[in-house]
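Residues in the sequence shown are numbered from 936 upward in steps of one, following the working numbering.
Yeah, the Cβ is synthetic: ideal placement off N, Cα and C, and Gly gets one too.
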Amino acid sequence: SGEMDIINHTTGEKCNLKYHSYSYFSRDVPKRVTGCVFDKNNVTRYVLSGIWDQKVDCAKVIYKEPNIGNGKQPQGMPTSKSSNPNTLPSQLLWAKKPLP
936 SGEMDIINHT TGEKCNLKYH SYSYFSRDVP KRVTGCVFDK NNVTRYVLSG IWDQKVDCAK
996 VIYKEPNIGN GKQPQGMPTS KSSNPNTLPS QLLWAKKPLP
């Protein structure tokens, strides 16, 4: 378990990934990873989820307010600590290919 930040120093965008711990006796999915992608104004743009050695999905966060690029987090929308943002349907970003 742990967290990792990936930063694009050119554009100011960043991604925070969280690798979730797993116990043999827990009911959680093993190897689970979640995260958020933030723009240069620290507004959540995408949420990520998956199993780190199988697949990763991405969903775009949707906002009700049209003017989100002003450096402020829109009211009622997720910050970096929120876990349930409003999103579009998720899309597959990466999937493990079967071994030959």
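- Between residue 954 and residue 963, the C-beta spacing is not below 7 Å.
- Counting of Cβ neighbours within 10 angstroms places residue 970 among the buried residues, the total reaching 16 or more.
- In this structure, the alpha-carbon of residue 1033 lies about 10 Å from that of residue 989.
- Burial state of residue 983 is buried, judged by a 10 Å Cβ sphere holding 16 or more other Cβ atoms.
- Around residue 968, the same chain offers 952, 953, 954, 955, 983, 984, 985, 986, 987, 991 as residues with beta carbons nearer than 8 Å, after the five sequence neighbours per side are excluded.
- Excluding five sequence positions before and after residue 943, the CB atoms of its chain that fall closer than 8 Å to its own CB belong to 949, given in chain order.
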